[in-house]
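Chains as they are written, first to last, in our numbering: chain U, 2 to 232; chain X, 2 to 232; chain F, 2 to 232; chain E, 2 to 232. Worksheet: the structure to be examined is printed underneath.
4 protein chains.
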Amino acid sequence: MLMKHLKLPIIIVNYKTYSEATGKKAVKLSKIAEEVSMETGVNVGVAPQFADIAAIADTVSIPVFSQHIDPISPGSFTGHILLESVKEAGAVGTLINHSERRLKLCAIEAIVARIRESGIVSVVCTNNAAVSAAVAALKPDIISLEPPELIGTGIPVSKAQPEVVTETVERVKRINPDAVLLCGAGITEGEDVTAALKLGTMGVLVASGIVKAKDPRKVLMEFSEAITETT
Amino acid sequence: MLMKHLKLPIIIVNYKTYSEATGKKAVKLSKIAEEVSMETGVNVGVAPQFADIAAIADTVSIPVFSQHIDPISPGSFTGHILLESVKEAGAVGTLINHSERRLKLCAIEAIVARIRESGIVSVVCTNNAAVSAAVAALKPDIISLEPPELIGTGIPVSKAQPEVVTETVERVKRINPDAVLLCGAGITEGEDVTAALKLGTMGVLVASGIVKAKDPRKVLMEFSEAITETT
Amino acid sequence: MLMKHLKLPIIIVNYKTYSEATGKKAVKLSKIAEEVSMETGVNVGVAPQFADIAAIADTVSIPVFSQHIDPISPGSFTGHILLESVKEAGAVGTLINHSERRLKLCAIEAIVARIRESGIVSVVCTNNAAVSAAVAALKPDIISLEPPELIGTGIPVSKAQPEVVTETVERVKRINPDAVLLCGAGITEGEDVTAALKLGTMGVLVASGIVKAKDPRKVLMEFSEAITETT
Amino acid sequence: MLMKHLKLPIIIVNYKTYSEATGKKAVKLSKIAEEVSMETGVNVGVAPQFADIAAIADTVSIPVFSQHIDPISPGSFTGHILLESVKEAGAVGTLINHSERRLKLCAIEAIVARIRESGIVSVVCTNNAAVSAAVAALKPDIISLEPPELIGTGIPVSKAQPEVVTETVERVKRINPDAVLLCGAGITEGEDVTAALKLGTMGVLVASGIVKAKDPRKVLMEFSEAITETT
Chain U
2 MLMKHLKLPI IIVNYKTYSE ATGKKAVKLS KIAEEVSMET GVNVGVAPQF
52 ADIAAIADTV SIPVFSQHID PISPGSFTGH ILLESVKEAG AVGTLINHSE
102 RRLKLCAIEA IVARIRESGI VSVVCTNNAA VSAAVAALKP DIISLEPPEL
152 IGTGIPVSKA QPEVVTETVE RVKRINPDAV LLCGAGITEG EDVTAALKLG
202 TMGVLVASGI VKAKDPRKVL MEFSEAITET T
Chain X
2 MLMKHLKLPI IIVNYKTYSE ATGKKAVKLS KIAEEVSMET GVNVGVAPQF
52 ADIAAIADTV SIPVFSQHID PISPGSFTGH ILLESVKEAG AVGTLINHSE
102 RRLKLCAIEA IVARIRESGI VSVVCTNNAA VSAAVAALKP DIISLEPPEL
152 IGTGIPVSKA QPEVVTETVE RVKRINPDAV LLCGAGITEG EDVTAALKLG
202 TMGVLVASGI VKAKDPRKVL MEFSEAITET T
Chain F
2 MLMKHLKLPI IIVNYKTYSE ATGKKAVKLS KIAEEVSMET GVNVGVAPQF
52 ADIAAIADTV SIPVFSQHID PISPGSFTGH ILLESVKEAG AVGTLINHSE
102 RRLKLCAIEA IVARIRESGI VSVVCTNNAA VSAAVAALKP DIISLEPPEL
152 IGTGIPVSKA QPEVVTETVE RVKRINPDAV LLCGAGITEG EDVTAALKLG
202 TMGVLVASGI VKAKDPRKVL MEFSEAITET T
Chain E
2 MLMKHLKLPI IIVNYKTYSE ATGKKAVKLS KIAEEVSMET GVNVGVAPQF
52 ADIAAIADTV SIPVFSQHID PISPGSFTGH ILLESVKEAG AVGTLINHSE
102 RRLKLCAIEA IVARIRESGI VSVVCTNNAA VSAAVAALKP DIISLEPPEL
152 IGTGIPVSKA QPEVVTETVE RVKRINPDAV LLCGAGITEG EDVTAALKLG
202 TMGVLVASGI VKAKDPRKVL MEFSEAITET T
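Right under this line is the structure:
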């Protein structure tokens, strides 16, 4: 799947290594995401653990993302994550440089270049406007701003630091006008999603807000409706 | 599967991130490994990439190992390898500290302790006798000696440095008499396997010797027969 | 200075990257440490930042330790810490594997082996009894137990977790009867030092307890007197 | 020293952890660099190991650079490199992200921001045009391009890959017109320096070409004269 086929706006649900989103539970949550996506027409992607990619990609038709890949080609890299491996398992894109798995700059550049030739989608996570601008120079498909101090807090970046999102959009667009931005961290309600879109992003990257919710379907439905109402 | 159910000696085939052992090819190679194991009665395990564990464990009944796990519990660890995830996918054990994925000492200790409670098998890779002795103090299920300078060379440790294997067995047993040792690096012929067993190991960890062989089945058969003839 | 010339028990003060112990302030604190050592006859060592080693070693005659070294020989390692460099600057020993600078197991082994040939003293930090036992197999000169959860808390390991210290001494001595143990974390009073010695250690590794004290001389004097009274 | 006081073009000599440039030998080499600088009027800086910064800065008046700093503030960071520490020792700038000490993107951003407020000069090393463009978005004082495959080969980037230097200058200037570029790797002769300047850089970062030369003074003189002739 090329980026041009990835419908925007998008909600990407990062399963992290939560027990609520491991193994069979990951497949079940992905079915819920698919149902919400079909009902609302909003694109919902999921980013499960590596060992769950194949089972989820075999079960649902929504986009499945890897949580990370390493800057390697096929070869002698025991214990590393190979682009070709997650792609064959069914991933249509991958997160990289998440705040819990930061990468060296030269690795980000090498990975984004590899992804560009591979026909999958790159989503590079960033922590502030300056880092986002640096990443924009590498021309990944998507940049996802997540101030790490807000992750898991329930305080949404789109409300707590709207100026950071605005500055990020501005600095990124100056370097790469085609850049697509998401934002994340602290997103728990529909209005956080609305705020994110109004600030110039094309969606959200969310984790505990969905995975740890009492009723993930309900929250995901609220997020999706916020998108259909805004766009 | 507990260690007591893991039949020894064992041949573990590390698939690394070789393209010859990724995705469908990984499943196919695992079927060959299973056939050889059934024909010869020798235990053959495979260590595929994370994204391939589930498909392989669903297809074959030989032991499947993860190539690595991280020192984490379920939670916020995007892009990391959770024991529970690879176990649910079907892994009955895991390599850790491979020369291509070395770990901090405190991580090795934490992972071995977690594995001990989980009912899967720990295989800790080491590079010399002193490091093997240190690992022995942590009481993993298996220690696998692989001098990194010999990996992928075709020069087997069991022939090139038999005294390193002997010294390793000796120093390890002094600290943990129950320790099980494998050795690896440069193993390409049956006689390398025979030599490894005679030096006091309970099998071999092999990668390119099988995966990159023109006829993996033939080489694996030769290795397995070397074991049946020696034991 | 060889280990045989390092008088025990010893108090080692880790300056970390505290501003109270950087540059001229580091030299001044080292003079205080030297005065206390001369007055009480107790051996007091200091572990300043790399850039301060030379000035301190030129000024005082107490043992100066590096805070870390890398597993490298002279060569192309920009930005790394070379044993020969800190030794020529005046370090007579080095900490390694501090909780704030953990190392890979194979690096610890390589560094301890290099140090053994260099005529300086190795002090390997550890976080629990199992890791200490693993390190004991590598035969460094000194092992310093510091449960990271107690560092900087003011809750001394010698009081809060005496059984951890005892178990560590026991497991370490079983593997290397000649091992010298220190303990650290939360040490702020003379009685913490007394407790540490009574549990079988040969001194303490302390940081904020001295560096952040209102009157470092007074606390260091209290620690030293606790040692003279106990031994 | 602020960037505005750093005279350009500049030759920066990276001492790495070469034994020829450790301790007293580092001071001696720095005196040679100072002499050449005074004779030719060309600015020559040196980047010694951390433990040698103070002795060199006390002895010579040419700019002394640190080889690396960590993304930290004063505090509990045993074994790390604090900006304040190398600055007090006499460093007027620092290399970061050298190919032998690559950093995470978010660390580069944090360090450059800290340096900006500190009044010292930041020199960020890069490996290609895309990475240089990304770094340009962070607005460091100097960007130094060094294709790692050429380091230590004697094949100068300015001759072997002039198009890479040209592309780098172009992409960097588009993002930050004020950017100052150096290039390095394989520089061994005066004409390599001339070529570097003609391609749009403001000098060179050199290591073995000087440090490992039979007659460092002669080579440094040749480099400096190449600069006076070109500018």
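Here a beta-carbon is modelled for each residue, glycine too, at the ideal position from N, C-alpha and C.
Nearest-angstrom Cβ-Cβ length linking residue i and residue j, presumed shorter than 8 Å
i: SER31 of chain U; j: PRO75 of chain X; result: That belief does not hold up - the Cβ atoms of SER31 of chain U and PRO75 of chain X are roughly 18 Å apart, past 8 Å.
i: LEU183 of chain X; j: LEU206 of chain X; result: 5 Å
i: ILE97 of chain F; j: GLY46 of chain F; result: Wrong, their Cβ atoms sit about 15 Å apart, outside the cutoff.
i: GLU85 of chain U; j: THR23 of chain X; result: 6 Å
i: LEU7 of chain E; j: GLY204 of chain E; result: Not a contact, Cβ separation roughly 10 Å.
For residue i, three-class secondary structure by DSSP
i: MET2 of chain U; result: Here MET2 of chain U scores only 45 on pLDDT, less than 50, and its place in the model should not be relied on; the value that follows carries that caveat. DSSP places MET2 of chain U in coil when its eight states are reduced to three.
i: LYS29 of chain U; result: helix
i: LEU96 of chain F; result: strand
i: VAL14 of chain X; result: strand
i: THR167 of chain U; result: helix
i: VAL76 of chain U; result: According to the sequence shown, residue 76 of chain U is Gly rather than Val. GLY76 of chain U: strand per DSSP, three-state reduction.
i: GLU21 of chain U; result: helix
i: THR127 of chain F; result: strand
i: ALA48 of chain X; result: strand
i: VAL194 of chain F; result: helix
i: VAL61 of chain X; result: coil
i: LEU106 of chain U; result: helix
i: ILE143 of chain F; result: strand
i: VAL43 of chain X; result: coil
i: LEU182 of chain E; result: strand
i: LEU84 of chain U; result: helix
i: LEU151 of chain E; result: helix
Within chain U, the residues that residue i reaches when beta carbons sit closer than 7 Å
i: LEU139 of chain E; result: ALA131 and ALA135
i: ASN128 of chain E; result: CYS107
i: GLY80 of chain X; result: GLN68, HIS69, HIS99, GLU101 and ARG102
Where residue i meets chain U, residues with beta-carbon distance less than 9 Å
i: ARG103 of chain E; result: LYS105, LEU106, CYS107 and ALA108
i: ASP98 of chain E; result: The amino acid occupying residue 98 of chain E in the given sequence is Asn; Asp does not appear at that position. Going along chain U in sequence order, the residues near ASN98 of chain E (Cβ under 9 Å) are LYS105, LEU106 and CYS107.
Residue i: contacting residues in chain B (beta-carbon distance under 8 Å)
i: SER123 of chain E; result: The displayed structure is made up of protein chains U, X, F and E, and chain B is not among them.
Same chain only: Cβ atoms within 6 Å of residue i, ignoring 5 sequence neighbours per side
i: SER225 of chain U; result: VAL37, THR41 and VAL43
i: GLU223 of chain U; result: GLY191
i: PRO149 of chain F; result: SER100 and ASN128
i: VAL113 of chain E; result: SER123, LEU139 and PRO141
i: THR231 of chain X; result: THR195 and LEU198
i: MET2 of chain X; result: Any reading at MET2 of chain X must be qualified, since the residue scores a pLDDT of 45, below 50, and its modelled position is unreliable; the value itself is stated next. The answer, listed in chain order, is VAL93.
i: ALA227 of chain E; result: GLY191, VAL194 and THR195
i: GLY201 of chain U; result: VAL170
i: ILE156 of chain U; result: GLY187
Contacts that residue i makes with chain X (C-beta to C-beta distance below 8 Å)
i: LEU83 of chain U; result: THR18, THR23 and GLN50
i: ASN44 of chain F; result: Neighbours of ASN44 of chain F on chain X: none; closest Cβ ~28 Å, over 8 Å.
i: VAL87 of chain U; result: ALA52
Close Cβ partners of residue i (< 8 Å) along its chain, the five nearest in sequence each way excluded
i: ILE54 of chain E; result: VAL65, SER67, VAL87, ALA90, GLY91 and ALA92
i: GLN162 of chain E; result: PRO148 and LEU151
i: ARG218 of chain U; result: ILE33, GLU36 and VAL37
i: LEU104 of chain F; result: PRO72, ILE97, ASN98 and ILE112
Residue i: contacting residues in chain E (beta-carbon distance under 8 Å)
i: PRO75 of chain F; result: THR18, TYR19, SER20 and THR23
Partner residues on chain F for residue i, Cβ-Cβ distance less than 9 Å
i: ALA161 of chain E; result: Chain F residues near ALA161 of chain E: none, gap ~19 Å exceeds 9 Å.
Partner residues on chain X for residue i, Cβ-Cβ distance less than 7 Å
i: ALA176 of chain F; result: The question names Ala, but residue 176 of chain F in the sequence shown is Ile. Here the neighbours are ALA138 and ILE176.
Nonlocal neighbours in the same chain, by C-beta distance under 7 Å from residue i, ignoring five residues either side
i: HIS81 of chain E; result: ASP71 and ILE73
i: THR18 of chain E; result: GLN50
Under 8 Å by beta carbon: chain F residues contacting residue i
i: GLY204 of chain E; result: Here the premise fails: no neighbours, minimum Cβ distance about 18 Å.
i: ALA197 of chain E; result: Near ALA197 of chain E there are no residues of chain F at all, since even the closest Cβ is about 19 Å away, more than 8 Å.
Chain E residues whose Cβ lies nearer than 9 Å to that of residue i
i: ALA153 of chain F; result: For the sequence presented, residue 153 of chain F should be read as Gly rather than Ala. SER77, listed in chain order.
Is the segment 199-218 of chain U touching the segment 164-182 of chain X, taking contact as three or more C-beta pairs under 8 Å?
no
Contact between the segment 155-169 of chain X and the segment 120-140 of chain X (3+ Cβ pairs under 8 Å):
Enough Cβ pairs lie closer than 8 Å, so yes.
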